[in-house]
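A.B. asks: Letter 5 of the sequence shown, counting from 1, is numbered 14 in our numbering, and no numbers are missing.
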Amino acid sequence: LIESISFVFFYRRAINSTSLTVSRLNLLILRFLLSKYLLGVKYISRHG
């Protein structure tokens, strides 16, 4: 019983850390896309 409980706890912790890294990656990708979009808008407004 104790082993299964510790396994579930470890499993949850692993899932939490994985989701944390995934959300961080999503934030980085979103920031990158946003900066690219803003650069494009600046370029268009300057040269359009």
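Glycine residues also receive a C-beta, built at the ideal position from the N, C-alpha and C atoms. Predicted, not measured: the structure shown is a model, and the values here were computed from it.
(1) So residue 36 is in the alpha helix (DSSP H); what residue range does that whole segment cover?
(2) Rounded to the nearest angstrom, what separates residue 12 and residue 21 at their Cα positions?
(3) Between residue 48 and residue 25, what straight-line distance do the alpha-carbon atoms span, to the nearest angstrom?
C.D. replies: On the basis of the coordinates in this document:
(1) One-based indexing of the sequence shown puts residue 36 at position 27. First-last of the alpha helix (DSSP H) with residue 36: 11 to 56.
(2) Position 3 of the sequence shown, counted from the first residue, corresponds to residue 12. Position 12 of the sequence shown, counted from the first residue, corresponds to residue 21. Rounded to the nearest angstrom, the two C-alpha atoms are 14 Å apart.
(3) Here residue 48 corresponds to residue number 39 of the sequence shown, with the count starting at 1. Here residue 25 corresponds to residue number 16 of the sequence shown, with the count starting at 1. Each residue's alpha carbon lies about 34 Å from the other.
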